[in-house]
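**Q** Note that our numbering numbers the sequence shown so that position 134 is 149, with each residue one more than the last.
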Amino acid sequence: QKRYESNNNNNQVMENKEYNLKLNYDKLGPYLAGLIEGDGTITVQNSSSMKKSKYRPLIVVVFKLEDLELANYLCNLTKCGKVYKKINRNYVLWTIHDLKGVYTLLNIINGYMRTPKYEAFVRGAEFMNNYINSTTITHNKLKNMDNIKIKPLDTSDIGSNAWLAGMTDADGNFSINLMNGKNRSSRAMPYYCLELRQNYQKNSNNNNINFSYFYIMSAIATYFNVNLYSRERNLNLLVSTNNTYKTYYSYKVMVANTYKNIKVMEYFNKYSLLSSKHLDFLDWSKLVILINNEGQSMKTNGSWELGMNLRKDYNKTRTTFTWSHLKNTYLENK
Numbered sequence: 016q017k018r019y020e021s022n023n024n025n026n027q028v029m030e031n032k033e034y035n036l037k038l039n040y041d042k043l044g045p046y047l048a049g050l051i052e053g054d055g056t057i058t059v060q061n062s063s064s065m066k067k068s069k070y071r072p073l074i075v076v077v078f079k080l081e082d083l084e085l086a087n088y089l090c091n092l093t094k095c096g097k098v099y100k101k102i103n104r105n106y107v108l109w110t111i112h113d114l115k116g117v118y119t120l121l122n123i124i125n126g127y128m129r130t131p132k133y134e135a136f137v138r139g140a141e142f143m144n145n146y147i148n149s150t151t152i153t154h155n156k157l158k159n160m161d162n163i164k165i166k167p168l169d170t171s172d173i174g175s176n177a178w179l180a181g182m183t184d185a186d187g188n189f190s191i192n193l194m195n196g197k198n199r200s201s202r203a204m205p206y207y208c209l210e211l212r213q214n215y216q217k218n219s220n221n222n223n224i225n226f227s228y229f230y231i232m233s234a235i236a237t238y239f240n241v242n243l244y245s246r247e248r249n250l251n252l253l254v255s256t257n258n259t260y261k262t263y264y265s266y267k268v269m270v271a272n273t274y275k276n277i278k279v280m281e282y283f284n285k286y287s288l289l290s291s292k293h294l295d296f297l298d299w300s301k302l303v304i305l306i307n308n309e310g311q312s313m314k315t316n317g318s319w320e321l322g323m324n325l326r327k328d329y330n331k332t333r334t335t336f337t338w339s340h341l342k343n344t345y346l347e348n349k
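#1: Asn276 lies in the alpha helix (DSSP H); which residues open and close that run?
#2: To which residues of the same chain is Leu302 closer than 8 Å at the C-beta, ignoring the five residues directly before and after it?
#3: Kindly indicate which residue of Lys285, Asn87, Asn103 and Ile57 has the alpha-carbon position closest to the one of Leu114.
#4: Below 8 Å on the Cβ atoms is my contact criterion, and I expect Leu85 with Leu289 to pass it. Report the Cβ-Cβ distance as a whole number of Å.
#5: For the candidate residues Gly181, Thr344 and Tyr133, whose alpha-carbon lies nearest to that of Asp169?
#6: From Ser245 to Ser265, what distance separates their C-alpha atoms?
#7: Leaving out the 5 sequence neighbours to the left and right, which residues in its chain are closer than 8 Å to Lys42 when beta-carbon positions are compared?
#8: Is Ile74 closer than 9 Å to Leu120 when the C-beta atoms are compared?
#9: Quick one: is Ser149 buried, meaning 16 or more other Cβ sit within 10 Å of its Cβ, or exposed?
#10: Looking only at its own chain, which residues have a Cβ that is under 6 Å from the Cβ of Phe142, when we skip the five neighbours before and after it?
#11: Measuring only the C-alpha atoms, how far is Val77 from Asp54?
#12: Look at the alpha carbon of Asn87 and the alpha carbon of Val98, and state the distance between them as a whole number of angstroms.
#13: Looking only at its chain, what residues have a beta carbon closer than 7 Å to the beta carbon of Trp338, apart from the 5 residues adjacent to it on each side?
#14: Leaving aside the five residues before and after Asp82 along the sequence, list all residues of the same chain whose C-beta is less than 7 Å from its C-beta, in chain order.
#15: When you compare only the Cα positions, how much space is there between Ala185 and Arg138?
#16: Just to confirm the assignment, what range does the alpha helix (DSSP H) spanning Gly49 have?
#17: Classify Lys217 as helix, strand or coil using the three-state DSSP reduction.
#18: Tell me which residue opens and which closes the alpha helix (DSSP H) that Tyr88 is part of.
#19: Please classify Met194: is it buried, with 16 or more other beta-carbons within 10 angstroms of its beta-carbon, or exposed?
#20: Among Leu89, Asn105, Lys94 and Lys101, which one has its Cα closest to the Cα of Leu80?
#21: Could you give the C-beta distance for Phe296 and Phe189, rounded to a whole number, given that I count them as a contact under 8 Å?
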């Protein structure tokens, strides 16, 4: 089996793949890592479950119903899993449960994970390695595959790859607020927001709660030169005498300053969003550029009028969808 080296800044080695010349692994890896860390799950049972013949590890990514085109695109591009559209549901699922598909995706995102979901990735990779090393392996497509060489968390600069694009397609948003103030002039306020939530269940036997979203969210806030907002709430579960409780955390990055919004634009122009949020970003950018060039204005064709018009077909009110941006994306080699 051939091995291929990538030329990205992290010196990642693209090993263990049946190499697909169509894929740009340096960009696909971080994008998918961000997407999975945002709206995906990697499910792996404990080692005692490996003896169950029907058990398979599982990767699931959730998409809004409006983003069915993106789910199908990624499924076809990677040749992994299937897309399921649930009847009377407002979401679709990209589900990868066959061993070869899970193995392929874990290799693609290896070295690009940045959040606490890295722990689930490690368990998934270790499961696959144990399966590959098993003397009773029966899956013909895995018999000649190498172990996954588990790489550490990606600590490279946020702007160095497409991870934030994947994460934003999952959990970010571009908003336009119309502020009609009494004591100050009315303004159209475009802003970018990313919020991540997590919870820990902690008792006297579990003190390992340092693996937090705080670190990655701090890095994003630093990249855009804004503050990080956080909230914490404890819930006592009253379980026996173990003093067990859950702690809920929320971390939010918000970019509203015009000049800092320009940096947001620069990043997402380089690493485009691929969901329908790309359309919102394009409209949002029109307002950012107008305000940057001409300032706030209530005049005809000014920022207020543009903001009002954009909001008529935007975010949750959007009814116009186009998918030309999924043709020849940066995830593919040209």
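Ideal Cβ positions, reconstructed from N, Cα and C, are used throughout, including at glycine.
It should be emphasised that the depicted structure is a prediction, and the values quoted were computed from it without experimental measurement.
**A** So, from the listed chains and residues:
#1: Per DSSP, the continuous alpha helix (DSSP H) segment holding Asn276 begins and ends at Thr273 to Lys285.
#2: Excluding five sequence positions before and after Leu302, the CB atoms of its chain that fall closer than 8 Å to its own CB belong to Ile191, Ala203, Pro205, Ser318, Leu321, Gly322 and Leu325, given in chain order.
#3: Of the candidates Lys285, Asn87, Asn103 and Ile57, the one whose C-alpha sits nearest the C-alpha of Leu114 is Ile57.
#4: That belief holds up - the Cβ atoms of Leu85 and Leu289 are roughly 5 Å apart, short of 8 Å.
#5: Selected option, being the one with the closest Cα: Tyr133.
#6: Cα to Cα, Ser245 sits roughly 5 Å from Ser265.
#7: Hits under 8 Å: Asn176, Ala177, Tyr286, Tyr345 and Leu346.
#8: In terms of Cβ geometry, Leu120 and Ile74 form a close pair [threshold 9 Å].
#9: Exposed is the call here.
#10: Setting aside the 5 residues that flank it on each side, Phe142 is surrounded in the same chain by Val59 and Pro72, each with a C-beta closer than 6 Å to its C-beta; the list follows chain order.
#11: Between the C-alpha atoms of Val77 and Asp54 there is a straight-line separation of about 6 Å.
#12: The alpha-carbon of Asn87 is positioned some 6 Å away from that of Val98.
#13: Result list for Trp338: Glu84, in chain order.
#14: Listed in chain order, the non-local C-beta contacts of Asp82 below 7 Å within the same chain comprise Ser290 and Ser291, local neighbours out to five positions each way being set aside.
#15: Spanning the two alpha carbons is a distance of roughly 23 Å.
#16: From DSSP, the alpha helix (DSSP H) with Gly49 extends over Tyr40 to Asp54.
#17: Unreliable placement is indicated for Lys217, whose pLDDT of 47 sits below 50; no coordinate value is reported for it.
#18: Its alpha helix (DSSP H) spans residues Leu83 to Thr93.
#19: Result: exposed.
#20: With distances taken between Cα atoms, Leu80 lies closest to Asn105.
#21: Their Cβ separation, rounded to whole angstroms, is 5 Å, which keeps Phe296 and Phe189 in contact under 8 Å.
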